[in-house]
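*Asks:* Would you mind keeping the following structure in view while I ask a few things?
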Amino acid sequence: MQSSLSGLFKKRKAPILGIDISSSAVKLLELSRQPTGFRVENYAVEALAQDSVVEKNISNVEAVGEAIRRAVKRSGARAKHAAVGVSGSAAITKVIAMPSSLSDEDLEVQIQLEADQYIPYPLDEVNMDFEVLGPSEKNPNMVDVLLAASRSENIDLRVAALELAGLTARVVDVEAYAMENAFALLGSQLPDNFNDMTIAVADIGATMTTLNVMHNNQIIYTREQVFGGKQLTEEIQRRYGLTYEEAGMAKRQGGLPDNYIPEVLQPFKEAMIQQVSRSLQFFFSSSHYNSVDYVVLAGGCASVPGVDELLESHLGTPAAIANPFANMSLASRVKAQALSNDAPSLMIACGLAMRSFD
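FYI, in the working numbering the residues of the sequence shown are 72 to 429.
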């Protein structure tokens with residue numbers, strides 16, 4: 072069973088907009104389910120003013136709400152309900168064993184009674200949810216339950232930003248589980264449909280790099296560190312005397328001097344590889360694994376040309392760029408080329424949008 076949280080809110084009805092609030096942009100995605108699979112109905116990426124979100128924490132709720140409103144307008148989406156995520160570092164997740172004889176109501180009471188053992192904050196300051204994963208391997212009379220909690224302020228700020236844009240939060244998920252949801256769509260890009268494989272997903276965004284390691288399509292390790300495309304933007308800004316906004320535009324659209332690729336972009340690509348390599352070393356040193364079968368690159372920085380080949384040659388491990396939309400059809404208003412360019416950075420939005428079909 073997918074270990075996606077059932078949301079920290081009441082049950083919902085489709086469709087739900089997946090809204091990923093990152094440190095540089097708001098990404099919106101709406102999916103529908105067709106007989107042939109998923110279809111992309113609407114999507115938009117809307118840039119955020121600098122420092123509106125700092126290391127996944129919202130610091131300017133009005134700016135974020137305004138960016139979501141613009142994304143909704145640009146996408147043409149009419150849905151009023153949304154799913155958002157909190158980062159792994161803002162959530163506490165724990166798998167606990169509970170007697171299988173308990174009813175859902177009794178299970179909820181029991182978890183409330185025991186939760187303070189697992190959550191290092193006063194319980195009146197957190198939002199908490201749980202999902203039964205299935206029978207415990209260690210004891211047939213017990214079930215494994217995934218408990219997740221986040222400080223209420225993390226959730227309240229996201230809910231408030233959505234409300235400013237005229238949306239209602241129906242699901243609050245943990246970004247790692249949204250990534251796990253979307254990861255299931257990458258089957259056609261990886262060999263053997265990744266059964267029995269250990270796959271690292273390196274999500275390199277504007278300011279944060281998150282490594283999720285999957286085994287048999289379930290997350291077994293997550294690590295966040297501060298590194299991302301903002302460093303490249305700042306180097307362009309410094310090197311060529313541009314404003315931060317101009318540097319960001321030049322990075323995306325080109326037109327920089329000839330020395331940009333060898334002197335600025337290449338060192339940044341090498342720094343990216345070093346970050347992924349270092350994150351993998353932390354994983355190996357904290358587990359019984361000493362290799363992964365595959366590395367998938369996600370996040371905005373995955374769109375840097377040639378970074379997958381560079382990673383493959385450095386690590387000696389096959390690498391691919393994430394595209395959760397490879398087997399999806401597109402609504403007529405969705406521009407295929409634009410979606411393809413943004414695809415690696417839409418993994419979390421995609422996993423959140425898939426919550427419509429739980």
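Glycine included, C-beta positions come from ideal geometry on N, C-alpha and C.
1) Could you say which of Ala220, Lys209, Ala161 lies nearest to Asp187 if we only look at CA atoms?
2) How big is the Cα-Cα spacing for Pro193 and Met199?
3) Decide if Gly108 is buried, meaning its Cβ has at least 16 other Cβ atoms within 10 Å, or exposed.
4) Measuring CA to CA, which of Glu305, Arg110, Ile92, Ile419 is closest to Glu137?
5) Comparing C-alpha positions only, which one of Pro86, Val97, Leu88 sits nearest to Asp413?
6) For my contact list, Ile451 and Ile90 are in at a C-beta cut-off of 8 Å; report their separation, rounded to the angstrom.
7) Who are the near neighbours of Lys151 in its chain, counting only those whose CB is closer than 8 Å to its CB and skipping five residues on each side?
8) If you reduce the DSSP assignment to three classes, tell me which class Lys151 lands in.
9) Let's see if you can read the secondary structure: which residues bound the alpha helix (DSSP H) around Lys322?
10) Quick one: using the 10 Å Cβ neighbour count with 16 as the cut-off for buried, is Phe396 buried or exposed?
11) Identify every residue that forms a DSSP beta bridge with His286.
12) From the DSSP output, read off the bridge partner residues of Glu295.
13) Would you identify the three-state DSSP class for Leu327, choosing helix, strand or coil?
14) Mind the definition here: the stretch 168–186 touches the stretch 256–271 only if three or more C-beta pairs lie below 8 Å; say whether that holds.
15) Can you find the residues in the same chain that come closer than 8 Å, C-beta to C-beta, to Glu133, ignoring five residues on each side of it along the sequence?
16) Which whole runs of the alpha helix (DSSP H) in the stretch 172–199 are 4 residues long or more, in chain order?
*Replies:* Let's see:
1) The option with the nearest alpha carbon to Asp187 is Ala220.
2) Pro193 and Met199 have their alpha carbons spaced roughly 12 Å apart.
3) Classified as exposed, Gly108 has fewer than 16 neighbouring CB atoms from the shown chains inside 10 Å of its CB.
4) For Glu137, the closest C-alpha among the options Glu305, Arg110, Ile92, Ile419 is that of Ile92.
5) Distance check between Asp413 and each of Pro86, Val97, Leu88 places Val97 closest, using alpha-carbon atoms only.
6) Past the edges of the chain, shown from 72 to 429, lies residue 451, and the structure says nothing about it.
7) The residues are Gly237, Leu238, Thr239.
8) Secondary structure of Lys151 (DSSP, three-state): coil.
9) Lys322 -> alpha helix (DSSP H) spans 315–324.
10) Taking all protein chains shown into account, Phe396 has 16 or more neighbouring C-beta atoms within 10 Å of its C-beta and is therefore buried.
11) According to DSSP, which records beta bridges pairwise, His286 is partnered with Thr269, Gln289.
12) Answer is Thr281, bridged to Glu295.
13) Looking at Leu327 - three-state DSSP - the assignment turns out to be coil, as it is neither helix nor strand.
14) They do not touch, by the three-pair rule.
15) Excluding residues within five positions, the ones whose Cβ falls inside 8 Å are Leu235.
16) You should have 175–185.
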